[in-house]
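The numbering of the sequence shown is full-length UniProt numbering, which starts it at 1 and goes up by one.
All C-beta atoms, glycine included, are put in the ideal place defined by N, C-alpha and C.
Keep in mind it's a predicted model, so treat the numbers as computed, not measured.
These notes concern the structure reproduced below.
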Amino acid sequence: MSNPNDYTVGWICAISTNDYTLGKFGNHNVVIAVLPDGEYGIASAAGVARDMLYSFPNVRIGLMVSIGGSAPSLKHDIRLGDIVSFRPTGFLNQPPMVLRGAVSGLKSQYESEGHQLEDAINSVLEKKPRLLQKYRRPEPSTDRLYQAEITHPLQGDLGCTAVCGDDLSNMIVRPARTTYEDNLTIHYGLIASANQLIKDAIVRDILVAEKEVLYFEMEAAGLMNHFPSLVIRGIYDYSDSHKNKEWQGYAAIAAAAYAKDLLCRIPLNKVEAEKRISDIISEFFVTMAGVQEKVLNVSIGVDRLLRERHDQEYNTTLDWLTPINYGPQQSDFFGRRQAGTGQWLLDSAEFQAWLYTKNQTLFCPGIPGSGKTILTSIVVDYLYTKFRKDQDVGIAYLYCDFRRQHEQNPEELLASLLKQLIQEQSSPPNSVKFLYGQHKNKWTRPSITDISKALISVISIFSRVFIIIDALDECQVNNGYRSRFQTEISKLQAECNANLFVTSRFIPEITEKFKGDISLEIRANKEDIRRYLNGSILRLPAFVRRNPELQEEIKTEIVETVDGMFLLAKLHLESLTGKRSPTSVRIALKRLRTRLEEYDKAYDKAYDKAYDKAYDKAYDKAYDEAMERIKGQVIDTQKLAEQVLSWITLAKRPLITSELRYALAVEVSKSELDEENRPEIQDMVSICAGLVTVDKKSNVIRLVHYTTQEYFERTQSHWFPSAETEIATACITYLSFNIFKGDALAVQTEMSNEKLLGLSSKYPFLLYAAQFWGYHACRGPESDMLDLILDFLEKAPKLAYFLMHILTYRYGASGRRSVANAPKLQIAASFGLKETVKALWKRGADIEAQSSDGWTALSSAAWNGQEAVIELLLECGANIEAKNDAGWTALANACRNEHLGAVRKLLAKGADIETKTNAGWTPLLGAAWHGHESVVCLLLEKGADIEAKNKGGWTSLHQVAGHGGNIMIKILLDSGASVDARSNWGWTPLMSAATAKTSDEHTVQLLLHAGSDKAARDTRAETAWDKARQHGKTAIMRLLR
């Protein structure tokens, strides 16, 4: 090697330690060092610099030459392939004066004469053609600057063209550079340095706005302390999620060409006149304490923003998984227990065996009102207390609730388990990031298979996992939801050795599923009931509170007559609150004893209809008496109690107290709300004879028990026969208030969740009224209020129209869209208001009228599965093939939302089974993607083309293989799907399965067993094995050898 003292220029590249390249640029001897392979950041750069100065002590000027991400703005039109040169700002140890002078001189030269950098690059490539493929300038069309909110999904190694598309509305469109502008432009400004790369366009734009940053990198801040140098960077991406490797080679050679030009401007004697950097560093560290704080200024700012952005993104991801949070319910239920209750369960041999043995199920069936939910909350609290210091134990729980069935489908329940298990971790695991990235920009939701795969992946992180499910019997049965959920939970337990705790009423199809598991019946034992009565008896009149003997009589009689039903004990105690003497109390207690004898006659130890009816009879008697007490109140109090009970019973979703107060304050024919007409919560609860309660944490006002709901559903026609009409009328009246008219609440082009929450806070009843007035009107019956509905649709304020359109289940909680001016016919069709649709059509309503996003009345009716309205619209001449702006027809909408009856009806009416969306999706592709097995089977039965492809060339089998839907894969294969179908990139379904984060070995085995060619290669000459290797899928690699 040449004499180390001959080298005066140090050049560091961020691409092994003490591995140097020596050479000459002009008259200068230059030593070039690269960062260790795979090592980046402040510490790594500083280490290489120290090693260089030790080996080459005479180095006097330094260059840091590399590539990275820019921060384009209106002020700085930075493009890929451009160069950023660091402009000294005073808060880093600055480059030597000779380098700063050379930068200024070269800048002036370029401004007056232009640069020859592109010519220099082309000259090198002509001499060395083997470098062309890596270092030539890419096509301008690959330089895409996406809008900040558009993020690149985690989808294999496909580029932006494939997964982000070329829709100009998603990009920031910039004019082509003119002949008077350099195609390769040099920018001078601030470079921000931190210990992690910026991959977030929102953080990028914040830093641009606050600090006018031009470029982000990971080495310069640390390097300046040890190696004062000039930073030169070639631009290959925009510091966002859309990493663009196509431009890396060109950006690197462009930065090197600029650095060479710079060195050639500096006379040798000026470099030799500079101090040695090693001497400068010695002087620098004397005062380093003060300087170091400034050196880290930008780095700290970047790190802070990244942390804040990370936390925001994490919370957004959790809420995207599901907005449902069971924490408030857990707090409410556990807070209702009496101290010491439930200990018998925790001490039982069955519970202890379940607790200390992996992969066990403890099934706890119980009669209605036996205290299953309170005991579940005790188990949850016990587990959290026992394992609070053990981070390797995961705990997740669900409270199934008949009032929340619309939001407790299998996907949401599994997503809630997933959310609970990851929310204590520092960041979402990759499996969840993948789901979020894949779906959020498309406004889609992951399938149940996707969620299950992610859940299995997360559970594998823990050494033990406990899953607690209360009231499985309250999980909705429609569409096979409960069965599907049980199947997924069983699969989850089998694959992950999780411990499962489940409560339910004695439902044969549920108990059969848990046959052979540990079982322990839940019945309120006498000690627990007495504890409850001890804590509640002081609510009785004063003559009881002053008489200990009477208190004991009450407790003894109730304990003996409730037969293990906590709820009955509560109702019996509540029935005594209106008594006025000891004699009246004793008469009531005697009646309880008589009722028990009647109940015993109907009781059968085996679970059968007689057994079920016996409990119904016991509760019905108690509820009948409670309603008779309500009927005995003064007329205004009686009416308010009936309104409270009818609203809570018939509401489409749980109501919070403020919603119900405003709903009950509405006066028909009034155009404004009198806020003094709102009833107080305490009064609403107290006048309902113990049938209503308020959950303190969630502020939800509800019936005390599932059996109460069942009772009122059976007796609705007796107790409140016109309630649906009254509720619909209140909703319409509220939406027609003057406050919602005019410009005060003008509809904006965007309506985010935050804005909706803001409206809900100011006008608590607004969102419920807008979303569900039609639901209640449909059951009113509709004909009784047809004139009111028609008048409302004719005169409804714009805000009400807007909210009705976006809240009628069209897009769901995670996919609201900004769509205004929805035709009234479309609103009526969405709700299934057949009589209203007919009346509007007769009045001349345009049956093909579209909302601002192209939806017709038929589209909306199909999306919501309104079969009667679909038939009516088609009879009236609706275009069955009408498409919205995305190209979805009514049939496609019904398929995507799994409305099997609507699909049958549309096909019977001649709907095109092969219709395609703008992106080339057929109804079969959409149904397969969403995992709707029944719809897929129907479409195939009706002759759908199983080999239909979207614009990317993906078939249904490609789609399903990509997220591991093994049942769906069997359906498609059994129906003759081509196992080696090719996408536009030459991918087979086997390749999709080998790369998808949610697929597994079973998926691959299914495809191989069906004859998939594992030697097939795509357009990049890669096999499925190559792709599995790239994604670290070792188990799949073994299958593909």
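For the region 115-140, there is no continuous beta strand (DSSP E) assignment of 3+ residues that stays within its boundaries.
A direct Cα-Cα distance of roughly 18 Å separates D1018 from K1033.
The beta carbons of N699 and T657 sit closer together than 7 Å. Sixteen is the threshold: when 16 or more other Cβ atoms of the shown chains lie within 10 Å of the Cβ of I235, as they do, the residue is buried. In the same chain as Y399, and ignoring 5 residues on each side of it, the C-beta atoms closer than 6 Å to its own belong to Y326, Q329 and D470, in chain order.
In terms of Cα proximity to L263, the closest of E274, K24 and L500 is K24. Going by DSSP, D470 is part of the beta strand (DSSP E) stretching over R464 to D470. Counting only residues of its own chain and dropping the five nearest sequence neighbours on each side, L533 has a CB closer than 8 Å to the CB of I554, K555, I558, V559, A569 and L573. Separation of I507 and I459 (C-alpha to C-alpha, rounded to the nearest whole angstrom) is 29 Å. L803 sits away from A849, with the two beta carbons spaced by 7 Å or more.
According to the DSSP assignment, G249 belongs to the alpha helix (DSSP H) that extends over Q248 to C264. DSSP places G10 inside the beta strand (DSSP E), whose first and last residues are V9 to C13. By the 16-neighbour rule on beta-carbons within 10 angstroms, T995 is buried. At the C-beta level, R530 and G340 stay beyond 7 Å of one another. In the three-state scheme derived from DSSP, where H, G and I count as helix and E and B as strand, F514 is classed as coil.
Taking 7 Å as the cut-off, the Cβ atoms of D517 and F363 count as close. When L924, W841, E1001 and Y768 are compared, the shortest CA-CA separation from E875 is found for W841. Around L131, the same chain offers L125 as residues with beta carbons nearer than 6 Å, after the five sequence neighbours per side are excluded. Taking N359 as reference, the option from H958, S463, L790 and A1021 with the minimal CA-CA separation is S463. Counting other Cβ atoms within 10 Å of its Cβ, R388 stays below 16 and is therefore classed as exposed. Residue burial is scored here from C-beta neighbours: I635 has fewer than 16 other C-beta atoms within 10 angstroms and is therefore classed as exposed.
Distance from the Cα of G854 is smallest, within the candidate group D885, K824 and E313, for D885.
Check the Cα spacing between E411 and each of L691, S447 and E1001: the tightest is with S447.
In the structure shown, P57 falls within a coil segment according to DSSP collapsed to helix, strand and coil. Between the region 583-590 and the region 638-645, the count of C-beta pairs closer than 8 Å stays below three; the two stretches do not touch.
Here the alpha carbon of T649 sits roughly 16 Å from the alpha carbon of D695. Residue environment analysis places L833 among the buried positions, since at least 16 neighbouring C-beta atoms fall within 10 angstroms of its C-beta. Among the bridge pairs identified by DSSP, R233 is matched with S66 and V84.
Note on geometry: alpha-carbon atoms of N525 and R714 lie some 30 Å from one another. Judged by their CB atoms, A948 and P989 are not nearer to each other than the 7 Å cut-off. Nearest C-alpha to R629 among S229, S686, P72 and A723: S686.
Within the same chain, K652 and F831 come within 7 Å of Y775 by CB-CB distance, once the 5 residues on both sides are set aside. A Cβ-Cβ contact shorter than 7 Å links A892 with P923. Of the residues N27, E118, A252 and K199, the one whose Cα lies closest to the Cα of I67 is A252. Distance from G10 to I198 at the Cβ level is roughly 27 Å; contact not present, criterion being Cβ atoms closer than 8 Å. The residue from E710, I701 and R137 with its alpha-carbon nearest to that of G249 is R137.
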